Amino acid sequence: MFVCTGGSASRLEMFAKLFAEEAKIPLSENLSKSDRFCMYKTGPVLWVNHGMGTPSLSIMLVEVIKLLHYAGASQVSFIRIGTSGGIGVAPGTVVVSSGAINGMLQETHVQYIMGQRVDRPAKLDAGLKDELIATGKGLQIPVDTGVTLCADDFYEGQMRLDGAFCDYTSEDKFKFLRKLHDEHNVRNFEMESSCFAAMTRRAGAKAAIVCVALLNRFDGDQVKIEKEQYHEFEMRPFRLVSAFVKNKL
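In my numbering, the protein residues as written are 3 to 251.
Structural data, given as structure tokens:
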């Protein structure tokens, strides 16, 4: 069984409908009773959005993990499908994460429970990663792999220069990006990976992250591509994951 997830509710609804058509599997109605999330079922595949950032993601994961437990589901693989900011990769490249680190550049997800810091290992499944990379190459989709940095925010945590606040220089930004790329093998920024890796690992489930880079952050902070190309880039992770999942059914 697979749980495919991503931030946007409308995007996940679209993915679920496309997958149902391609795989010729019935599509359920929206099974979510909340306006914050959507959930669709296509045979052994759940399509659920998680919102933006780790707090929203963690709520979804807890609820879905409970749901799968009560349903008696086993051998479940979680795949996050999304967009990201590339670090040293060309726009349109699909990054299949080899690992996830937090803003302190540690391979952990940090929680605060009863006033104490709790660090949980943020590990992804290497075998699942390798299979997804092979699928992407077979489809001739530009694929790269490397570590994903999970930032706590969209602006300062990702070294953007165009936010309302910025207490560092352009030189600081590029020095940090170079450090991430060269010393930590980081290939993209997003805001969910360490939590996603840690919580799925804690649940004993395989997990992978497949995100397209909409820009190379060495070249700027803004996405500067046409609407048609944006849509084509956005579909690349879905095309890869859809082909992989259909091959497993």
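The C-beta atom is built at its ideal place from N, Cα and C for all residues, glycine as well. Remember, predicted model here, so these are calculated numbers, not experimental data.
For residue i, which residues of its own chain have a beta-carbon under 7 Å away from its beta-carbon, when the five flanking residues on both sides are left out?
i      : result
Ser195 : Ser99, Ala102, Thr150, Cys152, Ile211
Lys175 : Met161, Leu163
Glu133 : Phe246
Glu139 : The sequence as given places Lys at residue 139; Glu does not occur at that position. Once the five neighbours on either side are set aside, the close Cβ partners of Lys139 are Val145.
Asn51  : Thr7, Gly8, Gly9, Ser10, Ala11, Leu14, Phe39, Cys40
Glu236 : Thr85, Val214
Please report the straight-line C-alpha distance between residue i and residue j, rounded to a whole angstrom.
i      : j      : result
Ile135 : Ala166 : 38 Å
Glu158 : Cys168 : 7 Å
Ser58  : Ile67  : 14 Å
Met106 : Pro28  : 44 Å
Arg122 : Val225 : 33 Å
Ile227 : Glu65  : 36 Å
Phe114 : Ser60  : Checking the displayed sequence, the identity of residue 114 turns out to be Tyr instead of Phe. Roughly 13 Å separates the two Cα atoms.
Val120 : Lys131 : 27 Å
Phe178 : Thr147 : 20 Å
Ile81  : Ala209 : 6 Å
Arg219 : Gly74  : 43 Å
Leu70  : Met201 : 14 Å
Ser34  : Ala18  : 14 Å
Ala205 : Ser76  : 11 Å
Ala207 : Glu31  : 26 Å
Gly129 : Lys181 : 27 Å
For the alpha helix (DSSP H) that residue i lies in, which residues bound it at each end?
i      : result
Tyr42  : First-last for Tyr42: 41-44, but that is the beta strand (DSSP E), not the alpha helix (DSSP H).
Val247 : 229-250
Leu20  : 11-25
For the beta strand (DSSP E) holding residue i, just list the boundary residues, first then last.
i      : result
Asn218 : 208-218
Phe4   : 4-8
Leu48  : 47-51
Return no unless some Cβ of chain B is closer than 7 Å to the Cβ of residue i.
i     : result
Asn51 : Annotation note: the requested chain B is absent from the structure, which comprises a single protein chain.
Grab me the residues of residue i's own chain with a C-beta within less than 8 Å of its C-beta, minus the 5 sequence neighbours each way, in chain order.
i      : result
Leu279 : With the chain covering 3 to 251 only, the question about residue 279 has no answer from this structure.
Met62  : Thr7, Phe39, Val50, Asn51, His52, Gly53
Give every residue of the same chain whose Cβ lies closer than 6 Å to the Cβ of residue i, excluding the five residues on either side of it in the sequence, and list them in chain order.
i      : result
Asp154 : Gly105
Arg203 : Lys125
Alpha helix (DSSP H) runs contained entirely in the stretch 118-145, provided each spans 4 or more residues:
128-140
Do three or more CB pairs link the stretch 107-117 to the stretch 38-50 at distances below 8 Å?
Because the criterion of three Cβ pairs below 8 Å is not met, the stretch 107-117 and the stretch 38-50 do not touch.
Assess, as a yes-or-no matter, whether the stretch 241-248 is touched by the stretch 16-26 under the definition of 3 or more beta carbon pairs within less than 8 Å.
yes
Could you give the uninterrupted runs of the alpha helix (DSSP H) lying entirely in the stretch 56-119, keeping only those of 4 residues or more?
Counting only runs of 4 or more, we get 56-73.
Every unbroken beta strand (DSSP E) inside the stretch 166-201 [3 residues or more]:
Runs found: 188-192.
Under 8 Å: do the stretch 186-195 and the stretch 81-90 share three or more Cβ pairs, one atom per stretch?
In short, these stretches touch, since the Cβ pair count reaches three.
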